[in-house]
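**Q** Can you read through this structure? Questions will come right after.
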Amino acid sequence: MKVIAQEAGVGVGTLYRRFPTRDELVEATYRSETARLCEAAPDLLDAMPADRALRHWMGLFVTYMNAKHGMGDALRAILVDEADRMRTRFLLADAIGVLMARGAEDGTLRAEAYDVLMGLGGVALIAGEPDRPALTGRLLDLLLDGLRPGTGGRG
């Protein structure tokens, strides 16, 4: 907790007053990062075309997954409730849906994209290590290319 307090620029006492246990800190961090990721979708759409916004968001997702990976044991202890895990999936799926809907409107993405969240999870699992950004980028580009109209499959 001392290292976390130093990185946050607060005293250890302040950290313990807000988060009496490590589990409470991990849970708050997890919920904050999930909300930040989901809230990024509309902001990205305000700044760039839908396909580029989706690609940027996918990169943020991999970073988010890497952070979750580092908190693995603590998160498993906290998120024992299936309803909590499902809420997170729904929040993430809604963020992807916002991006995909705009892409369908402007013609840069298929009208419907199946299993995008699972595909992103796979990329994060396979190539999401911080020291593998080139592989991560290639796989995210490949996933995005499969979501464009006229690439076969559904849509």
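All letters in the sequence shown, in the order written, are residues 1016 to 1170 by my numbering.
Just so you know, even glycine gets a beta-carbon here, dropped at the ideal spot from N, CA and C.
(1) Using the three-state DSSP reduction, which class does residue 1096 fall into: helix, strand or coil?
(2) Using DSSP with H/G/I as helix, E/B as strand and the rest coil, what is residue 1164?
(3) In whole angstroms, what separates the C-alpha of residue 1054 from that of residue 1108?
(4) Could you name the residues of the same chain whose beta carbon sits closer than 7 Å to that of residue 1082, not counting the 5 residues immediately before and after it, in chain order?
(5) For residue 1095, count neighbouring C-beta atoms within 10 Å of its own C-beta (all shown protein chains included) and say buried if the count is 16 or more, exposed if not.
(6) Could you give the first and the last residue of the continuous alpha helix (DSSP H) run that contains residue 1134?
(7) Do you know how far the Cα of residue 1113 is from the Cα of residue 1136?
**A** Here's the rundown:
(1) Indexing the sequence shown from 1 puts residue 1096 at position 81. In this structure, residue 1096 counts as coil in the three-state DSSP scheme.
(2) Reading the sequence shown from its first residue, position 149 is the one you call residue 1164. Reduced to three states, the DSSP call for residue 1164 is coil.
(3) Here residue 1054 refers to the residue found at position 39 when the sequence shown is read from its first residue. Here residue 1108 refers to the residue found at position 93 when the sequence shown is read from its first residue. Straight across, the Cα-Cα distance linking residue 1054 with residue 1108 is about 12 Å.
(4) Position 67 of the sequence shown, counting from 1, holds the residue named residue 1082. If we look at residue 1082 and ignore the five residues flanking it on each side, its Cβ neighbours are 1048.
(5) Here residue 1095 is taken as the residue at index 80 of the sequence shown, counted from 1. By the neighbour-count criterion, in which 16 or more other beta carbons inside 10 Å mark a residue as buried, residue 1095 falls on the exposed side.
(6) Counted from its first residue, the sequence shown places residue 1134 at position 119. Counting along the chain, residue 1134 sits inside the alpha helix (DSSP H) bounded by residues 1131–1142.
(7) Sequence index remark: in the sequence shown, residue 1136 carries index 121 (1-based). Sequence index remark: in the sequence shown, residue 1113 carries index 98 (1-based). Taken atom to atom, the span from the alpha-carbon of residue 1136 to that of residue 1113 is near 18 Å.
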